[in-house]
Amino acid sequence: MTTWNLAVPEIPAERAERYRAAGLWSSSTITGLVREAAVRVPGKPAAVDQHRSLDYAGLWQRCLAVAGRLRGEGIAAGQTVVLYLPNSVSWLECFLGLVQCGALPVMATESLRARELIEIIEASRADHVVTVADDGRFPSLHRAVHDAIGLLPACGPSPVVHEVEVPGGLAVDAADAESGEALHQMLPSDPALVQLGGARCAACLLIGRTHEDYLCSVELSNRRCGVGPDTVMLIGIPASHNFAMASPGVLGALMAHGTVVFAPDPSPSTCVPLVHAHGCTHIPLVPSLLGLWSEEAGRDPEPLRSLRMVLVGGAPLDLDLAAAAQTRFGAHVQEVFGTAEGLVAYSPLEMDRVLEPRAHRLVPLSEQDEILLSRVVAPDGTEGQELLSRGPYTVPSFIDDPPQAAGVFDSVGWYHSGDLVEIERAAGPAGPLEFRVVGRCKAQINRAGEKIFPGYVETLLEEHPQIRHASVEGVAHPVLGQAIKATIHLVPDEEGGWLRPLALRRYLHEKSVAGHCVPDTFDLIRDEDQV
Ligand code: J2J
17 MTTWNLAVPE
27 IPAERAERYR
37 AAGLWSSSTI
47 TGLVREAAVR
57 VPGKPAAVDQ
67 HRSLDYAGLW
77 QRCLAVAGRL
87 RGEGIAAGQT
97 VVLYLPNSVS
107 WLECFLGLVQ
117 CGALPVMATE
127 SLRARELIEI
137 IEASRADHVV
147 TVADDGRFPS
157 LHRAVHDAIG
167 LLPACGPSPV
177 VHEVEVPGGL
187 AVDAADAESG
197 EALHQMLPSD
207 PALVQLGGAR
217 CAACLLIGRT
227 HEDYLCSVEL
237 SNRRCGVGPD
247 TVMLIGIPAS
257 HNFAMASPGV
267 LGALMAHGTV
277 VFAPDPSPST
287 CVPLVHAHGC
297 THIPLVPSLL
307 GLWSEEAGRD
317 PEPLRSLRMV
327 LVGGAPLDLD
337 LAAAAQTRFG
347 AHVQEVFGTA
357 EGLVAYSPLE
367 MDRVLEPRAH
377 RLVPLSEQDE
387 ILLSRVVAPD
397 GTEGQELLSR
407 GPYTVPSFID
417 DPPQAAGVFD
427 SVGWYHSGDL
437 VEIERAAGPA
447 GPLEFRVVGR
457 CKAQINRAGE
467 KIFPGYVETL
477 LEEHPQIRHA
487 SVEGVAHPVL
497 GQAIKATIHL
507 VPDEEGGWLR
517 PLALRRYLHE
527 KSVAGHCVPD
537 TFDLIRDEDQ
547 V
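Now the structure itself:
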């Protein structure tokens, strides 16, 4: 039996039995999927990036060898490991290797920097960090980890850093694969990974997912999105994000014995040649990217002909934009509403229902997803109905249930999403429940799908000696959905000089803060009378 360093809350037994009886929880594990594919379709391409590709037999061998090597480097079963790598085959090998080791990977997206990594390392009590090598290819990631380790309080033990060369992957030898095979006998009910909560920039909230609950969400997503053995899934958004991993994402493609193509970023200039070269069929995008992709498809649809489904989620979707994009792509644009805590819902597959705003609704993945509405007053004073959910793949609470997350999960396991919705039953009272997102009642900015907690940015700004007070809010933006606006009350420096936006940006950069947390606009107010 593994002793886990982090206690992952379990879904209560009575509900767990119900989900198992309904056949929703798989009897497989994440690495079990790959092992099985290596037997059934050994020569099929599994994972590709700009530098290399692996078939299923090769991926399984690498998973074992990486697990063996990481174990040799001291990563023990039950330990917590922050995984901080860019999109690549190396990312996949390390994720699978850690799972095979019996360790619990914490999925840190590559946009995070030292300030956020410190919070993640501390909150997860990480024993190890797996990150890029110091070979000059990813200097910001390398620096962020080392800055974070340097800034950790000296009283506690520092996590051990394991460096991975990203194009080639972790260097291994023959003995590693052998020891990797003998490693860990995991159960479907074991913890598999830790996702980071919605407001990733606030004191981070840890979401522990088990193999069976995560794979339940992946399998149901595959059905909704028509993922099968001929699926080629392009992952340009950060692979560690829940959307890219599991809706249906990397794991969906692997589960169906399809292929995952990793792109370093989701821009059309990077990805369109990859769609063309690999015949990609599915791609997850955030709404702010859809416009760019749609323009590209309008200019030259030819290289995008293989696309069957463009999945758009993470932030509210403009339905006119979706309709135009759908026509240009000649592929289905499917909206995804998802949360790292669990609940995932998709727009229906019929094309016309996506195009017709009044009929546009999101349908939760499982009939066992329970939805409740709770009347709330949003910070802007508007009244609405907050979406509450629980179900077979929604966690019952955060790991350690920290005080700053009070109220997100209640004592009977309902997840309070902070999203305002309208619901409807499509086919009368017995039909599947559908909802539409109409607003938000949580203190969160959604900038191009990245979630930002205003208090986090305000605290960082107020650490500057020339800032007396800062308040941060989201303002409507035509491309990003929301931009970050900071209103800052300044005090002059000793020579009577005043801070300017450029210096403020430089200050946040030097503090090693994730780029998406840096305000887009600064309203600087000189508090002359405070001098
Ligand atoms: C409006 N708001 C949305 C949508 C997410 C798939 C896709 C996305 C995420 C994700 C994910 C939205 N319309 N279509 O985990 O598996 C906002 C809501 C929600 C929050 C969750 C997945 N899709 N959102 O974005 O944990 O406010 O997950 O509560 O990062 O994003 O954010 P996150």
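Okay, so the sequence shown: first residue is 17 according to the numbering used here, each after it adds one.
For each residue, glycine too, the CB sits at the ideal point set by N, CA and C.
Note that the structure is a prediction, hence the values are computed from the model and not measured.
Item	Value
To which residues of the same chain is L571 closer than 6 Å at the C-beta, ignoring the five residues directly before and after it?	Residue 571 falls outside the range modelled here, since the chain spans only 17 to 547, and no answer is possible.
Is E351 near ligand 1, judged by its Cβ being under 7 Å from some heavy atom?	yes
Measuring only the C-alpha atoms, how far is A519 from V529?	15 Å
Hey, is A279 close to ligand 1, as in C-beta under 7 Å from one of its heavy atoms?	no
Per DSSP, which residues does S69 bridge with? Please list them.	V64
Are the Cβ atoms of L157 and E126 separated by less than 8 Å?	yes
Per the DSSP calculation, R452 is bridged to which residue(s)?	E438
Take A267 and list the residues in its own chain whose beta-carbon comes closer than 8 Å to its own, dropping the five residues that flank it on each side.	Looking at the sequence provided, one finds Leu at residue 267 rather than Ala. I46, L49, Y230, L231, V234, M261, listed in sequence order.
Between E478 and the rest of its own chain, which residues show a CB-CB distance below 6 Å, the 5 nearest in sequence each way excluded?	A486
For S106, which residues of its own chain have a beta-carbon under 6 Å away from its beta-carbon, when the five flanking residues on both sides are left out?	V180, V182, G185
Measure the alpha-carbon distance for L381 versus N238 and round it to whole angstroms.	10 Å
When you measure from the CB of G400 to every non-hydrogen atom of ligand 1, does any distance come out below 7 Å?	no
Given a threshold of 16 other Cβ atoms within 10 Å of its Cβ, counted over all protein chains shown, does C171 qualify as buried or as exposed?	exposed
For ligand 1, is there a heavy atom less than 7 Å away from the beta-carbon of V405?	What sits at residue 405 in the sequence shown is Ser, not Val. No, the Cβ of S405 stays beyond 7 Å of every heavy atom of ligand 1.
If A356 sits next to I223, beta carbons under 8 Å apart, how far is it from one beta carbon to the other, in whole angstroms?	5 Å
Taking the straight line between their C-alpha atoms, what separation do you get for Y35 and H294?	38 Å
Apply the 10 Å Cβ neighbour rule to I136 and answer buried if 16 or more other Cβ atoms are within range, or exposed otherwise.	buried
Mark E30 as exposed unless 16 or more other C-beta atoms lie within 10 angstroms of its C-beta, in which case mark it buried.	exposed
Taking 8 Å as the threshold (C-beta atoms), are G330 and G465 in contact?	yes
For H505, which beta-bridge partners are listed by DSSP?	H485, I541
Opposite Y431 in the DSSP bridges: which residues?	S405, F425
How would you write the range of the beta strand (DSSP E) that S390 sits in, first residue to last?	386-393
So, does the CB of I504 fall closer than 8 Å to a CB anywhere in chain C?	Judged by its chain identifiers, the structure shown contains no chain C, having just a single protein chain.
With DSSP as the reference, identify every bridge partner of F278, one or two as the case may be.	I251
Tell me the DSSP secondary structure of G531 in three-state form.	helix
Using 8 Å as the threshold, is the stretch 90-97 in touch with the stretch 114-132, meaning 3 or more CB pairs across them?	yes
As a quick exercise: from R456, T147, G166, pick the residue whose alpha carbon is nearest that of E399.	R456
Classify L167 as buried or exposed, calling it buried when 16 or more other Cβ atoms lie within 10 Å of its own Cβ.	exposed
Would you mind stating whether V248 and V210 have Cβ atoms separated by less than 8 Å?	no
Could you tell me whether the stretch 147-156 touches the stretch 66-85, using the rule of 3 or more Cβ pairs below 8 Å?	no
Does DSSP put R344 in a helix, in a strand, or in coil?	helix
By a C-beta neighbour count over all protein chains shown, 10 Å radius and 16 as the cutoff for buried, is P39 buried or exposed?	Contrary to the premise, residue 39 reads as Gly rather than Pro in this sequence. Its Cβ having fewer than 16 others within 10 Å, G39 is exposed.
For ligand 1, is there a heavy atom less than 7 Å away from the beta-carbon of A331?	yes
Would you say the beta carbon of S263 comes nearer than 7 Å to a heavy atom of ligand 1?	yes
Report buried or exposed for E194, applying the criterion of at least 16 other Cβ atoms within 10 angstroms of its Cβ.	exposed
Excluding sequence positions up to five away, which residues of its chain have a Cβ less than 6 Å from the Cβ of S256?	M123, T125
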